[in-house]
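Chains as they are written, first to last, in this note's numbering: chain X, 265 to 482; chain W, 265 to 482; chain U, 11 to 237; chain P, 11 to 237.
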Amino acid sequence: MSAGSNRTAMAARVARDIPEGWYVNLGIGMPTLIADHVPASREVVFHSENGILGLGPAPPAGQADPWLINAGKEAVTLRRGGSFFHHADSFAMIRGGHLDLCVLGAFQVAENGDLANWTTSLNDTAPAIGGAMDLAVGAQRLWVLMEHTTRDGRPRIVRRCSYPLTASGVVRRIYTDLAVIEVTGAGLVVRDLAAGVDFATVQAHTEAALLAPEQAAA
Amino acid sequence: MSAGSNRTAMAARVARDIPEGWYVNLGIGMPTLIADHVPASREVVFHSENGILGLGPAPPAGQADPWLINAGKEAVTLRRGGSFFHHADSFAMIRGGHLDLCVLGAFQVAENGDLANWTTSLNDTAPAIGGAMDLAVGAQRLWVLMEHTTRDGRPRIVRRCSYPLTASGVVRRIYTDLAVIEVTGAGLVVRDLAAGVDFATVQAHTEAALLAPEQAAA
Amino acid sequence: MIDRTVPTIAAALDGIADGAVVLLGGFGSVGQADALIEGLVEQGASDLTVVANNAGGGNAGLSRLLAAGRVRRLVCTFPRARSGPSVFEELYRAGRIELEIVPQGTLAERLRAAGAGIPAFYTATGAGTVIAEGKETREIGGRTYVLEHALHGDVALVAAWQADRWGNLTYRASGRNFNPVMATAARLTVVQAAYLLPLGDIAPEHVVTPGIFVDRVVEVPAMREGA
Amino acid sequence: MIDRTVPTIAAALDGIADGAVVLLGGFGSVGQADALIEGLVEQGASDLTVVANNAGGGNAGLSRLLAAGRVRRLVCTFPRARSGPSVFEELYRAGRIELEIVPQGTLAERLRAAGAGIPAFYTATGAGTVIAEGKETREIGGRTYVLEHALHGDVALVAAWQADRWGNLTYRASGRNFNPVMATAARLTVVQAAYLLPLGDIAPEHVVTPGIFVDRVVEVPAMREGA
Numbered sequence: 265m266s267a268g269s270n271r272t273a274m275a276a277r278v279a280r281d282i283p284e285g286w287y288v289n290l291g292i293g294m295p296t297l298i299a300d301h302v303p304a305s306r307e308v309v310f311h312s313e314n315g316i317l318g319l320g321p322a323p324p325a326g327q328a329d330p331w332l333i334n335a336g337k338e339a340v341t342l343r344r345g346g347s348f349f350h351h352a353d354s355f356a357m358i359r360g361g362h363l364d365l366c367v368l369g370a371f372q373v374a375e376n377g378d379l380a381n382w383t384t385s386l387n388d389t390a391p392a393i394g395g396a397m398d399l400a401v402g403a404q405r406l407w408v409l410m411e412h413t414t415r416d417g418r419p420r421i422v423r424r425c426s427y428p429l430t431a432s433g434v435v436r437r438i439y440t441d442l443a444v445i446e447v448t449g450a451g452l453v454v455r456d457l458a459a460g461v462d463f464a465t466v467q468a469h470t471e472a473a474l475l476a477p478e479q480a481a482a
Numbered sequence: 265m266s267a268g269s270n271r272t273a274m275a276a277r278v279a280r281d282i283p284e285g286w287y288v289n290l291g292i293g294m295p296t297l298i299a300d301h302v303p304a305s306r307e308v309v310f311h312s313e314n315g316i317l318g319l320g321p322a323p324p325a326g327q328a329d330p331w332l333i334n335a336g337k338e339a340v341t342l343r344r345g346g347s348f349f350h351h352a353d354s355f356a357m358i359r360g361g362h363l364d365l366c367v368l369g370a371f372q373v374a375e376n377g378d379l380a381n382w383t384t385s386l387n388d389t390a391p392a393i394g395g396a397m398d399l400a401v402g403a404q405r406l407w408v409l410m411e412h413t414t415r416d417g418r419p420r421i422v423r424r425c426s427y428p429l430t431a432s433g434v435v436r437r438i439y440t441d442l443a444v445i446e447v448t449g450a451g452l453v454v455r456d457l458a459a460g461v462d463f464a465t466v467q468a469h470t471e472a473a474l475l476a477p478e479q480a481a482a
Numbered sequence: 011m012i013d014r015t016v017p018t019i020a021a022a023l024d025g026i027a028d029g030a031v032v033l034l035g036g037f038g039s040v041g042q043a044d045a046l047i048e049g050l051v052e053q054g055a056s057d058l059t060v061v062a063n064n065a066g067g068g069n070a071g072l073s074r075l076l077a078a079g080r081v082r083r084l085v086c087t088f089p090r091a092r093s094g095p096s097v098f099e100e101l102y103r104a105g106r107i108e109l110e111i112v113p114q115g116t117l118a119e120r121l122r123a124a125g126a127g128i129p130a131f132y133t134a135t136g137a138g139t140v141i142a143e144g145k146e147t148r149e150i151g152g153r154t155y156v157l158e159h160a161l162h163g164d165v166a167l168v169a170a171w172q173a174d175r176w177g178n179l180t181y182r183a184s185g186r187n188f189n190p191v192m193a194t195a196a197r198l199t200v201v202q203a204a205y206l207l208p209l210g211d212i213a214p215e216h217v218v219t220p221g222i223f224v225d226r227v228v229e230v231p232a233m234r235e236g237a
Numbered sequence: 011m012i013d014r015t016v017p018t019i020a021a022a023l024d025g026i027a028d029g030a031v032v033l034l035g036g037f038g039s040v041g042q043a044d045a046l047i048e049g050l051v052e053q054g055a056s057d058l059t060v061v062a063n064n065a066g067g068g069n070a071g072l073s074r075l076l077a078a079g080r081v082r083r084l085v086c087t088f089p090r091a092r093s094g095p096s097v098f099e100e101l102y103r104a105g106r107i108e109l110e111i112v113p114q115g116t117l118a119e120r121l122r123a124a125g126a127g128i129p130a131f132y133t134a135t136g137a138g139t140v141i142a143e144g145k146e147t148r149e150i151g152g153r154t155y156v157l158e159h160a161l162h163g164d165v166a167l168v169a170a171w172q173a174d175r176w177g178n179l180t181y182r183a184s185g186r187n188f189n190p191v192m193a194t195a196a197r198l199t200v201v202q203a204a205y206l207l208p209l210g211d212i213a214p215e216h217v218v219t220p221g222i223f224v225d226r227v228v229e230v231p232a233m234r235e236g237a
């Protein structure tokens with residue numbers, strides 16, 4: 265696809281929807297980029313599984329603190345007001361419903377909100393869960409940020425996930441290069457379209473049936 | 265009884281058996297006195313349920329820190345090397361088996377190690393458990409320090425507790441004004457006698473059958 | 011800008027409803043949020059369930075709330091006062107308040123579980139005693155355990171030493187006790203702090219309760235004088 | 011006098027037996043006790059079960075222990091290395107090591123439970139996924155939870171920032187991670203610390219791991235230079 269948003273625009277689109285004051289965990293990979301698009305004047309507190317609240321931007325080259333990394337093992341900084349705690353406390357925050365939002369990447373999302381994002385096969389040579397299952401069931405809201413289709417053009421938004429599940433019925437909203445889609449009791453509702461993309465194009469790249477906002481409201 | 269140890273001697277007798285390096289919780293009442301009989305040169309770390317390791321002696325008059333009390337709500341001090349933590353962490357230490365010893369008072373101890381120390385009646389007007397049940401099941405060893413009989417002369421070391429239990433089968437050793445008694449698989453074994461007290465006197469004030477050390481060894 | 015500070019006790023307690031489950035930090039009189047508890051008398055909420063280690067002594071704090079008849083039920087580990095019959099004991103004898111006795115470690119763990127998203131857990135505490143009556147028990151590794159459930163609060167009233175505008179907290183000495191645990195277990199966590207500090211003045215390694223658990227903070231300088 | 015300090019890595023690791031369950035603090039390479047882990051290669055214990063968040067990268071620390079063939083089984087949340095195939099991945103593909111994948115929060119909570127005397131607890135994590143296969147599940151309040159059990163270690167190897175002779179510990183920044191949790195969950199807890207301080211130099215409110223959880227401490231000044 266040539267139409268649709270690039271990764272930067274996708275991350276910025278998610279950032280637009282995060283209000284001041286939220287506690288937010290950003291998954292490894294593309295979701296991590298979201299933080300760069302929240303202006304410093306809007307205080308959002310980013311959480312990292314490895315015991316950090318108040319993650320700041322990457323340090324200037326050569327000034328990294330070797331003791332300070334995020335869940336993706338990248339050098340980060342700490343904002344004024346940040347804090348450190350241990351892993352059991354960190355996941356108590358996650359599991360106890362204290363995060364307002366978690367944004368994860370995904371391999372597949374099903375129309376019922378099922379999430380598959382940790383492995384494409386149970387015969388994986390090195391399957392890796394990390395904190396995804398805990399985040400998926402624990403955060404107040406789970407949003408997914410991903411390319412709308414796989415590299416070879418197959419849809420990622422499906423009727424039923426074919427990959428092993430991370431959690432069932434948890435995804436609330438999907439941000440892709442083509443659209444912003446809400447997971448509702450009535451089905452998948454397209455809330456926003458990327459520049460130059462129309463509804464029919466999004467549906468053409470989606471296995472599950474999509475609803476336009478006016479259909480969902482009906 | 266005129267023979268036997270007074271409260272000071274009883275506390276000192278227990279203190280003699282606590283080696284350097286142990287982590288010890290002392291129950292409210294008479295057990296609290298034990299700490300005064302551990303010489304400062306022998307480092308024993310006293311724990312208090314309300315989130316303290318390293319309890320020191322009572323402060324000099326007029327120098328109490330109003331923020332620093334023990335589980336009996338008495339002003340205490342903190343030894344160099346002490347630490348503060350919250351209640352869930354405090355009871356994780358207790359329940360997780362990290363205390364070497366807990367010494368509690370009791371209303372009754374049964375020959376099988378059952379402990380009754382929180383109420384004499386389920387119709388109590390203000391029953392109070394506190395941390396006794398957790399300490400009784402959690403500490404590596406539970407010793408009881410109590411008067412051998414009630415004020416009106418009835419035995420406290422019994423075949424079966426008549427009062428509601430704190431925990432079953434937990435008492436390892438009993439220190440009284442008359443004797444030191446070990447709770448063993450073979451029965452209650454008298455390990456030590458107070459000055460001027462003989463075995464027959466101890467048995468006469470005890471409902472459960474007692475063994476002399478030589479009988480237990482047989 | 012995130013600012014969880016509020017100017018008055020009244021603002022801190024705004025919206026607490028009749029019938030609320032109120033978690034009170036503190037052990038004995040140390041680290042109990044007396045200014046907030048007494049503010050609750052003025053605020054007017056009634057039919058409360060109060061969860062606290064002790065039942066209050068003297069005439070301040072919890073005793074005032076009890077005397078005002080606002081508490082329907084007390085969940086407590088040690089309601090006996092050192093100084094003789096308390097307001098609670100008089101109410102209890104008169105049949106005017108319900109009491110649920112919980113072992114102290116079980117209370118702490120049930121609150122911790124609520125904050126940590128653990129709906130239930132097994133503990134050896136209480137096995138073979140009246141505490142286990144009516145509860146599921148299970149043998150694990152040859153030992154008997156009791157199933158206990160998370161205890162959630164609608165509101166937690168917390169006493170802290172230092173706070174900042176994000177709601178990061180520290181505690182002083184044995185004033186910590188139940189406060190950090192209860193702060194995690196309630197939908198609304200309200201804090202009275204002896205000192206309100208500029209953001210960043212609490213070192214990130216020294217924060218005990220991160221602001222994620224805190225909704226409102228009011229400075230109560232009188233706390234600097236006593237516990 | 012209580013003195014948990016030992017002069018050498020060898021003394022710190024004395025007695026660790028073949029077949030031991032070894033808990034390794036650290037997240038990525040930060041806060042992992044590499045000096046102790048590499049000392050374990052010299053020490054010689056084999057047939058180990060290692061519990062760690064990651065499977066090691068590069069050629070240091072855990073990778074050295076794996077390459078030496080000492081690890082029979084790895085319990086891990088994220089064994090995939092950023093920098094391409096690791097020593098672990100080569101062993102795993104060759105069928106020379108067993109792997110148990112555990113969700114990160116479940117791993118942390120199972121370790122915390124072991125340290126806290128909780129034999130088992132319910133969690134929503136993993137419900138409806140392969141993680142729940144073969145495990146008991148239960149509906150509580152209309153939601154499905156999985157029963158998970160405590161995970162005990164024979165030994166924990168912990169990386170701390172400051173320590174004293176009682177074994178009180180602090181950690182630096184994100185070097186805290188699993189270390190304080192694992193310190194509570196093992197029969198023998200061994201610590202490498204960047205700084206050994208006189209008793210009392212760590213403020214009682216700033217102690218993160220109280221010495222009650224620590225058996226041996228060795229100072230490793232090289233830690234001051236990197237994580």
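Positions of the beta carbon are idealized from the N, C-alpha and C atoms, including for glycine. Remember, predicted model here, so these are calculated numbers, not experimental data.
Leaving out five residues on either side along the sequence, give the residues of the same chain with a beta carbon under 6 Å from the beta carbon of residue i.
i	result
R83(U)	T59, E108
A22(U)	V16, V200, R226, V228
Y317(U)	Beyond the ends of chain U as shown, which are 11 and 237, falls residue 317(U); an answer cannot be given.
G460(X)	A267
Would you kindly check if the distance between the Cβ of residue j and the Cβ of residue i is under 8 Å?
i	j	result
R186(U)	V218(U)	yes
A279(X)	V302(X)	yes
A380(W)	T430(W)	yes
Looking only at its own chain, which residues have a Cβ that is under 7 Å from the Cβ of residue i, when we skip the five neighbours before and after it?
i	result
K145(U)	V156, L157
I212(P)	Q172, D174, N178, T180
P419(X)	T413, H469, T470, E471
At least one CB of chain P closer than 8 Å to the CB of residue i: is that the case?
i	result
E307(W)	yes
Assuming the contact rule is C-beta atoms closer than 8 Å, residue i and residue j should be a hit. Round their C-beta distance to whole Å, please.
i	j	result
A27(P)	A55(P)	6 Å
G377(W)	V447(W)	5 Å
S269(X)	A458(X)	5 Å
A130(P)	G136(P)	The pair is not a contact, with the Cβ atoms about 14 Å apart (cut-off 8 Å).
Between residue i and residue j, what straight-line distance do the alpha-carbon atoms span, to the nearest angstrom?
i	j	result
W382(W)	V140(U)	12 Å
R277(W)	R271(W)	10 Å
C366(W)	R120(U)	23 Å
S93(P)	H351(W)	42 Å
F349(X)	A123(P)	17 Å
Q479(W)	D225(P)	38 Å
L75(U)	L117(U)	21 Å
P323(X)	P208(U)	24 Å
M265(W)	V40(U)	Residue placement at M265(W) cannot be trusted, given a pLDDT of 47 that sits under 50; the coordinates are not used to answer.
L477(W)	T465(W)	For the record, residue 477(W) in the displayed sequence is Pro; it is not Leu. Rounded to whole angstroms, P477(W) to T465(W) spans 16 Å at the Cα level.
Under 8 Å, Cβ to Cβ, is there at least one residue of chain X near residue i?
i	result
P129(U)	no
F98(U)	no
Does the CB of residue i have a neighbour CB from chain W at under 8 Å?
i	result
P231(U)	no
W176(P)	yes
A71(P)	Note that residue 71(P) is Gly in the sequence shown here, rather than Ala. No, G71(P) does not count as interfacial toward chain W.
Enumerate in chain order the residues of its own chain whose CB-to-CB distance from residue i is below 8 Å, with the five nearest sequence positions on each side excluded.
i	result
R148(P)	Y132, T154, Y155, L157
R405(W)	D364, L365, C366, R436, R437
D13(P)	R175
Does any residue of chain U have a CB that is nearer than 8 Å to the CB of residue i?
i	result
D364(W)	no
#### Entry: Residues in the segment 422-439 of chain X having any Cβ partner in chain C nearer than 9 Å
The structure shown has no chain C; the protein chains it does contain are X, W, U and P.
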